[in-house]
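Novice: In our numbering, the protein residues as written are 5 to 489.
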Ligand SMILES: Nc1ncnc2c1ncn2[C@@H]1O[C@H](COP(=O)(O)OP(=O)(O)OP(=O)(O)O)[C@@H](O)[C@H]1O
Ligand SMILES: [Mg+2]
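Shown next as structure tokens:
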């Protein structure tokens, strides 16, 4: 069973079924013992009633016993008729132990069976309390009470009143059928209630799971789970998770702060270095190798400055303090500017470059510097990863109420397995890494492009086939100007 809810329901139902069974058993045993007591009480009263009748008759008539035709002592018919009214088994014995009277129920038994009862009645000490006796060989079990007769003349011995215990027992079939009726109903109710209770109890857990799932990255860490007012287990769980998120948020913030501070602090010394090297390079009559070294150094300083700039941009973006200075501009202007830089790069690399812009102005409210940076990053990549002889196409155009800006090249392409990573920071494909000298870079360009596109409410997608080329498509929201009528 996959869910706690399912397990709880099963356990709950099993527990309830067991409780029901135990309850039924206790009820059954209790009822049985109560009806045994009732039966004993009845037997005692029947014995007393008989004793009363006999004593009364003795007082009225004197002799109650006479000899029958076979010469055996029996009760006189009048008194015997009176005793016939007493239900169930009734046996009256003479003082010498012989049988004086047997009720009709007793007479229905065989001679041996009546003999067994008579022996009980005459056995010394079988008076109190009432007992049970199973008539052999396979007769019924009876519950009986014995009473000695003292005030009905010298002839009388004891009275035994007995009844089949069956009359006091709930039959097992009866119990089983009642139980079979009640149990499925009970279990059905338990299942319903169990599932309802567990759904209610575990509902908040599902909610916590959903809320925690929504906190996907460092940027959504400021979110908190709704903490219930009642500080039960789930309340405390939500509280603990929230505390954990606070700590995580702090660590993330510290990390970002560090990157931002470090890159910021590096900017000034780099500027000083650059100025120094630039000045040194202009010194007249420098030896050739010193000049070469200085140029190389200057190149590295430029690269490092770019890297520090990129890091600072990303750190600020993460901190949410890289504001966009949006103003309406014609994107064609920005594309034209980028084209100039791109063409220089392309020419150097021996790559053809083609730029297509629409005839009408494309005015959007964007941060022009950032968009220029975005286009330049994409163009630089396209030229960098396209071997000489290839071509790069930059296209700007409205499509389906949006604005698309695509940079397509016929370069080395990106392996499908690499595609999910290219927007990650510091990620570079192996093919790019192995020839660092040839294709220098830090792996931050696309991460910045992605941030710029998303900060403008747009997105960036990529389509690529290794060896055939790559196309980056930036989509920006755009309100097309109302069609001129
Ligand atoms: N047009 C492209 N064709 C083929 N691979 C590309 C292209 N653009 C990006 N890539 C791959 O994606 C990786 C990441 O690109 P990204 O622009 O982020 O870094 P970079 O160009 O290596 O370095 P940086 O831009 O920081 O100088 C590149 O290293 C390269 O492997
Ligand atoms: Mg790049």
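Backbone N, C-alpha and C fix where the C-beta goes; we use that ideal spot for every residue, glycine too.
Helix or strand or just coil, what does DSSP make of residue 91?
Specialist: Note: residue 91 maps to coil in three-state DSSP.
Novice: Classify residue 106 as helix, strand or coil using the three-state DSSP reduction.
Specialist: In this structure, residue 106 counts as strand in the three-state DSSP scheme.
Novice: Could you say if the region 362-374 and the region 396-407 meet the contact criterion of at least three C-beta pairs nearer than 8 Å?
Specialist: Output reads yes: the region 396-407 touches the region 362-374.
Novice: Alpha helix (DSSP H) containing residue 256: first to last residue?
Specialist: Segment 237-285, the alpha helix (DSSP H) holding residue 256.
Novice: Where does residue 203 land, buried or exposed, given buried means 16+ other C-beta within 10 angstroms?
Specialist: Its Cβ having fewer than 16 others within 10 Å, residue 203 is exposed.
Novice: Can you name the start and end residues of the beta strand (DSSP E) that residue 392 belongs to?
Specialist: From DSSP, residue 392 is part of no beta strand (DSSP E); its letter is neither H nor E.
Novice: Would you call the CB atoms of residue 386 and residue 411 closer than 8 Å?
Specialist: Yes, these two residues count as a Cβ contact at 8 Å.
Novice: Within 10 angstroms of its Cβ, does residue 424 collect 16 or more other Cβ (buried), or is it exposed?
Specialist: Counting Cβ neighbours within 10 Å, residue 424 comes out exposed, since fewer than 16 surround it.
Novice: With a threshold of 6 Å on Cβ separation, who are the neighbours of residue 381 within its own chain once the five nearest residues in sequence on each side are excluded?
Specialist: The answer, listed in chain order, is 449 and 453.
Novice: According to DSSP, simplified to helix, strand and coil, what is residue 159?
Specialist: DSSP places residue 159 in coil when its eight states are reduced to three.
Novice: If you drop the 5 nearest sequence neighbours on each side, which residues of the same chain put their C-beta closer than 6 Å to that of residue 409?
Specialist: Contacts found: 400 and 478.
Novice: Let me check you understand the geometry: is the CB of residue 384 closer than 7 Å to at least one non-hydrogen atom of ligand 2?
Specialist: Residue 384 Cβ: within cutoff of ligand 2.
Novice: Does DSSP classify residue 469 as helix, strand or coil?
Specialist: Residue 469 falls in the strand class under three-state DSSP.
Novice: Does DSSP put residue 21 in a helix, in a strand, or in coil?
Specialist: The answer is helix: DSSP assigns residue 21 an H, G or I state.
Novice: For a test of your reading of the model: does the CB of residue 346 fall under 7 Å from any non-hydrogen atom of ligand 2? Yes or no.
Specialist: Incorrect: residue 346 has no Cβ contact closer than 7 Å to ligand 2.
Novice: Taking the alpha helix (DSSP H) that residue 123 belongs to, which residues open and close that run?
Specialist: Note, residue 123: alpha helix (DSSP H), 115-126.
Novice: Name the one or two DSSP bridge partners that residue 168 has.
Specialist: Answer is 146, bridged to residue 168.
Novice: If you compare alpha carbons, which of 442, 432, 414 and 55 is closest to residue 476?
Specialist: When only C-alpha atoms are compared, the closest one is 414.
Novice: Let me check one thing: in DSSP terms, what residues is residue 403 bridge-paired to?
Specialist: Paired residues: 406.
Novice: Please tell me whether residue 480 and residue 368 are closer than 8 Å, where the distance is taken between their beta carbons.
Specialist: Yes, these two residues count as a Cβ contact at 8 Å.
Novice: Looking at the strands, I want to know which residues DSSP matches up with residue 412.
Specialist: For residue 412, which the question treats as bridged, DSSP gives the partners 397 and 475.
Novice: Just to confirm my understanding: we take residue 471, look at its own chain, exclude 5 residues before and 5 after, and list those with CB closer than 6 Å. What are they?
Specialist: Once the five neighbours on either side are set aside, the close Cβ partners of residue 471 are 417.
Novice: List the whole-angstrom C-beta distance separating residue 96 from residue 54, where the pair is believed to meet the contact cut-off of C-beta under 8 Å.
Specialist: Contact holds; Cβ gap of about 7 Å.
Novice: Going by DSSP in three states, residue 481 sits in which element: helix, strand or coil?
Specialist: Residue state, collapsed to three classes: strand.
Novice: Using a Cβ distance threshold of 8 Å, determine whether the region 157-168 contacts the region 94-109, with at least three qualifying pairs required.
Specialist: The region 157-168, when compared against the region 94-109, does touch it at the 8 Å Cβ threshold.
Novice: Helix or strand or just coil, what does DSSP make of residue 368?
Specialist: Residue state, collapsed to three classes: strand.
Novice: Name the two residues that bound the continuous alpha helix (DSSP H) containing residue 342.
Specialist: 335-353 is the span of the alpha helix (DSSP H), which, as asked, contains residue 342.
Novice: Please go through the same chain and pick out, in chain order, the residues whose beta-carbon is closer than 6 Å to the beta-carbon of residue 70, but skip the five residues on each side of it.
Specialist: Once the five neighbours on either side are set aside, the close Cβ partners of residue 70 are 80.
Novice: Measuring CA to CA, which of 296, 193 and 318 is closest to residue 285?
Specialist: The shortest C-alpha separation from residue 285 is found at 296.
Novice: Could you tell me the alpha carbon to alpha carbon distance between residue 118 and residue 89, rounded to whole angstroms?
Specialist: Taking the straight line joining both Cα atoms gives about 19 Å.
Novice: Residue 281 and residue 305 - do their beta-carbons sit closer together than 8 Å?
Specialist: Yes, Cβ-Cβ distance for residue 305 and residue 281 is below 8 Å.
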